[in-house]
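Only one structure is covered here, and it is reproduced in the block below.
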Amino acid sequence: MKQHFIDNLWVAPASGGHIPVINPSHGTVFGHVARGNSDDIDLAVRAARTAFDGAWGRLTATERGRLLQKLSESLLQHMDELVQLESQDCGKPTNQARADVNSIARYFEFYAGAADKLMGETIPYQNGYTVFTIREPQGVTGHIVPWNYPMQIFGRSVGASLAAGNACVVKPAEDACLSILRVAELAAEVGFPAGAINVVTGYGHEAGDALSRHPDVDHISFTGSPNIGKLVIQTAAEHHTPVTLELGGKSPQIVFADADFDAMVPVVVDAIVRNSGQTCSAGSRVLVERSAYEAVVARLTAAFEALRVGPAEMDLDCGPLIRDSQLQRVKAYLDEAKRDGLTVAAQGHLVADAPAGGFYQVPTLIRDVPPTHRLAQEEVFGPVLVIMPFEDDAHAVQLANDTAFGLVSSIWTRDGGRQLRMARQMQSGQVFINNYGAGGGIELPFGGVKASGHGREKGFEALYSFTVLKTISIKHD
Ligand code: NAI
Ligand code: MG
Numbered sequence: 003m004k005q006h007f008i009d010n011l012w013v014a015p016a017s018g019g020h021i022p023v024i025n026p027s028h029g030t031v032f033g034h035v036a037r038g039n040s041d042d043i044d045l046a047v048r049a050a051r052t053a054f055d056g057a058w059g060r061l062t063a064t065e066r067g068r069l070l071q072k073l074s075e076s077l078l079q080h081m082d083e084l085v086q087l088e089s090q091d092c093g094k095p096t097n098q099a100r101a102d103v104n105s106i107a108r109y110f111e112f113y114a115g116a117a118d119k120l121m122g123e124t125i126p127y128q129n130g131y132t133v134f135t136i137r138e139p140q141g142v143t144g145h146i147v148p149w150n151y152p153m154q155i156f157g158r159s160v161g162a163s164l165a166a167g168n169a170c171v172v173k174p175a176e177d178a179c180l181s182i183l184r185v186a187e188l189a190a191e192v193g194f195p196a197g198a199i200n201v202v203t204g205y206g207h208e209a210g211d212a213l214s215r216h217p218d219v220d221h222i223s224f225t226g227s228p229n230i231g232k233l234v235i236q237t238a239a240e241h242h243t244p245v246t247l248e249l250g251g252k253s254p255q256i257v258f259a260d261a262d263f264d265a266m267v268p269v270v271v272d273a274i275v276r277n278s279g280q281t282c283s284a285g286s287r288v289l290v291e292r293s294a295y296e297a298v299v300a301r302l303t304a305a306f307e308a309l310r311v312g313p314a315e316m317d318l319d320c321g322p323l324i325r326d327s328q329l330q331r332v333k334a335y336l337d338e339a340k341r342d343g344l345t346v347a348a349q350g351h352l353v354a355d356a357p358a359g360g361f362y363q364v365p366t367l368i369r370d371v372p373p374t375h376r377l378a379q380e381e382v383f384g385p386v387l388v389i390m391p392f393e394d395d396a397h398a399v400q401l402a403n404d405t406a407f408g409l410v411s412s413i414w415t416r417d418g419g420r421q422l423r424m425a426r427q428m429q430s431g432q433v434f435i436n437n438y439g440a441g442g443g444i445e446l447p448f449g450g451v452k453a454s455g456h457g458r459e460k461g462f463e464a465l466y467s468f469t470v471l472k473t474i475s476i477k478h479d
């Protein structure tokens, strides 16, 4: 059984309880992780506070940056092991798990370089005064991480928080703890002082709730579902703890008739098929200008029919979903589509020898979906793409913005004026033109509007959210 990682030590759970670790490609149990509770969270928060007040907090920004860089290098040195862990635990095809390791290493590299470049400003004020701002770490930050990209999300939030000088307590999702535990262990090995990074595994309503409720946590970063996000911010409000929320989306890809279809098709397919559609910034709606609608449906149909699904180790287009309940959730959406008479334009294929116990869903393209249908409005979090026509620019904008979410959008057109006009009207945190980044790169600020959440992660912007801006005013004349 894997224990918690607190204060650079393996620590048994206070409750003595554990949670089975499941391989989604086979549906089999291959280990256990600790079932954390409020006592474990309390121990981790105290370890983090001690580190912040002590060995970790005393390091200069440059010294912190060097440690982050060492961790980045160590992650790449342990590539094969981390790929294997993540593939087994989350069902990720190996090339997608490899992309995650490259990503987390790049986050630590980026934030290593940024650590000693986080500066304040001087502000012109009245005569006889000098006023300046400094950016101070918040203290102890809590990170509630989902199961879809454990390493990437650890990298983007813990990496930024450490660079800013905070000590961290991480609560991974109960379905995806192994890679994060190993990353924390590697951090200790490269020299992070005890207590700088602590990992408590467990269920959301136990360990996650205890973290968001803890009075000595100075910031919560949460990525997950809108309902739990709402719960976390309400709980954290009890102690006025600031919360960054990243809550997924229903991100549109808007395709005009003049777009480069050869460039567009593989990108649109990847944006919904990668990680089997379990991506907060998945491009899950395609809106197509009426005159090109049938042509785009035909192209996407051909692409979907070529997609293959199977166990992670076969390294196909899609692996399994994370767990049976997620598969049932996706199937319920598809059953509803069937009941409502929606048309499945295309599906991918499950390989013949896929293990019977795995949680497989073939990629599915559904055409002519009414904009008000649940499939066009709600986050399915599976490889399900809906496609619908639009009449003109105004109609495209209206459809694009007409969901509760607002995380990412993309616009495919060669018309430069239209690119910018449309981009300015998108209600989303990121807009891609003739490309789609599914969240974009490490360097690009990322986050939502509306039900997609608030606050920005990634890039330099994330550093600001993990600091407190202090204004110092000196009267000298
Ligand atoms: P979830 O929101 O329950 O899980 C996310 C994280 O929150 C996990 O670490 C979980 O343990 C924790 N959590 C759960 N209850 C909590 C509580 N009361 N207090 C504090 N932390 C808590 O998401 P779930 O149920 O795994 O997935 C359901 C749906 O949520 C998915 O189908 C998808 O639509 C959405 N989702 C979106 C994600 C994103 O990247 N934006 C990631 C995961 C899920
Ligand atoms: Mg698992």
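Add 2 to the 1-based position in the sequence shown for this note's numbering, that's all there is to it. From the three backbone atoms N, C-alpha and C, an ideal C-beta is built for every residue, glycine too. These numbers come from a predicted model, not from an experiment.
**Report entry** Collapsed DSSP secondary structure at M121 in the structure displayed
**Finding:** The three-state secondary structure of M121, taken from DSSP, is coil.
Requested in this report: Just mark W12 as buried or exposed, buried being the case when its beta carbon has 16 or more other beta carbons within 10 Å.
Outcome: Exposed, by the Cβ-count rule.
Report task. Compare the C-alpha of G350 against each of V371, E338, L318, L344 and name the closest. Result -> When C-alpha distances from G350 are compared across V371, E338, L318, L344, the shortest belongs to L318.
Query raised in the report: For T303, which of helix, strand or coil comes out of DSSP?
Result: Note: T303 maps to helix in three-state DSSP.
Requested in this report: Mind checking which residues open and close the alpha helix (DSSP H) that includes T415?
Outcome: Looking at the DSSP string, T415 is not in any alpha helix (DSSP H), and its letter there is neither H nor E.
Query raised in the report: For the candidate residues S17, H28, P268, whose alpha-carbon lies nearest to that of N436?
Result: Comparing C-alpha distances from N436 to each of S17, H28, P268 shows the shortest one belongs to P268.
Query - DSSP state of V470 mapped onto helix, strand, coil - result: V470 falls in the strand class under three-state DSSP.
Query raised in the report: Should D102 be counted as a contact of the ligand MG given a C-beta to heavy atom distance under 6 Å?
Result: No, the ligand MG has no heavy atom inside 6 Å of this Cβ.
Query - Contact set for Y438: own chain, Cβ-Cβ below 6 Å, skip 5 residues either direction - result: Taking Y438 as the centre and dropping the five residues before and after it, the same chain places the C-beta of V269, A273, G285, S412 closer than 6 Å to its C-beta, in chain order.
Query raised in the report: With DSSP run on the structure shown, which of helix, strand or coil describes K94?
Result: Reduced to three states, the DSSP call for K94 is coil.
Requested in this report: Run through the stretch 185-215 for me and flag every whole alpha helix (DSSP H) of 4 or more residues, listed as ranges in chain order.
Outcome: You should have 211-215.
**Report entry** Cutoff 7 Å: V85 Cβ touching any chain B Cβ
**Finding:** Given the protein chain composition of this structure (a single chain), no chain B is represented.
Requested in this report: Might you give, ordered along the chain, the residues of its own chain that have their beta carbon closer than 8 Å to the beta carbon of D342, omitting 5 neighbours on each side?
Outcome: Closer than 8 Å at Cβ, skipping near neighbours: H375.
Requested in this report: Verify whether the separation of the beta carbon atoms of Q5 and A49 is less than 7 Å.
Outcome: Cβ distance not < 7 Å, so Q5 and A49 don't count as in contact.
Query raised in the report: So, are the CB atoms of A356 and K94 less than 7 Å apart?
Result: Not closer than 7 Å, so no.
Report task. Excluding the 5 residues preceding and the 5 following R458 in the sequence, name in chain order all residues of the same chain whose CB lies nearer than 6 Å to its CB. Result -> Excluding positions up to five away in sequence, the list reads P447, G449.
Query raised in the report: What are the partner residues of S475, as DSSP defines its beta bridges?
Result: In the DSSP output, where bridge partners are listed per residue, S475 has V133.
Query raised in the report: Are the Cβ atoms of P481 and G38 separated by less than 7 Å?
Result: Since the displayed the chain opens at 3 and closes at 479, residue 481 lies outside it and no answer follows.
Query raised in the report: Regarding D91 and the ligand MG, is the C-beta to nearest heavy atom distance less than 6 Å?
Result: D91 Cβ: within cutoff of the ligand MG.
Requested in this report: Go ahead and pull the three-state DSSP assignment for Q5.
Outcome: Q5 falls in the coil class under three-state DSSP.
Report task. Indicate the three-state DSSP secondary structure (helix, strand or coil) for E381 in the structure shown. Result -> Note: E381 maps to coil in three-state DSSP.
Query raised in the report: Does the beta carbon of S430 fall short of 6 Å from some heavy atom of the ligand NAI?
Result: No, the ligand NAI has no heavy atom inside 6 Å of this Cβ.
Query raised in the report: Is there at least one non-hydrogen atom of the ligand NAI closer than 6 Å to the beta-carbon of T415?
Result: Because no heavy atom of the ligand NAI lies under 6 Å away, the Cβ of T415 does not count as near it: no.
Requested in this report: Compute the minimum distance between the beta carbon of I24 and the heavy atoms of the ligand MG, and state whether it is under 6 Å.
Outcome: Yes, the beta carbon of I24 sits closer than 6 Å to at least one heavy atom of the ligand MG.
Requested in this report: With DSSP as the reference, please indicate the residues paired to R310 in a beta bridge.
Outcome: DSSP lists H351 as partners of R310.
Query - Buried/exposed call for T281, threshold 16 Cβ in 10 Å - result: Burial call: buried.
**Report entry** Three-way DSSP call (helix, strand, coil) for N25 in this model
**Finding:** It is a strand residue.
Query raised in the report: Between M390 and T52, what straight-line distance do the alpha-carbon atoms span, to the nearest angstrom?
Result: Separation of M390 and T52 (C-alpha to C-alpha, rounded to the nearest whole angstrom) is 55 Å.
**Report entry** Minimum C-alpha distance to Y151 - residue among G122, Y131, V103
**Finding:** Cα-wise, what sits closest to Y151 is V103.
Query raised in the report: To which residues does DSSP link P139 through a beta bridge?
Result: In the DSSP assignment, the residues bridged to P139 are T469.
Requested in this report: Starting from the C-beta of Q429, find all residues in its chain whose C-beta is less than 7 Å away, skip the five residues before and the five after it, and write them out in chain order.
Outcome: Non-local C-beta neighbours of Q429 in its own chain, meaning closer than 7 Å and more than five positions away in sequence, comprise N403, G408, V451, K452, ordered along the chain.
Requested in this report: Put V364 into one of helix, strand or coil per three-state DSSP.
Outcome: Here DSSP, grouped into helix, strand and coil, assigns V364 to coil.
Query raised in the report: By how many angstroms is the C-alpha of L302 removed from the C-alpha of C179?
Result: Taking the straight line joining both Cα atoms gives about 35 Å.
Query raised in the report: Taking one C-beta from the stretch 176-194 and one from the stretch 55-75 each time, how about it: are there three or more such pairs within less than 8 Å?
Result: Using a C-beta cut-off of 8 Å, the stretch 176-194 makes contact with the stretch 55-75, since at least three inter-stretch Cβ pairs fall below that distance.
Requested in this report: Helix, strand or coil for V451, going by three-state DSSP, please let me know.
Outcome: Residue state, collapsed to three classes: coil.
Query raised in the report: Tell me, which residues are paired with V386 by DSSP?
Result: By DSSP's assignment, V386 forms a beta bridge with T366.
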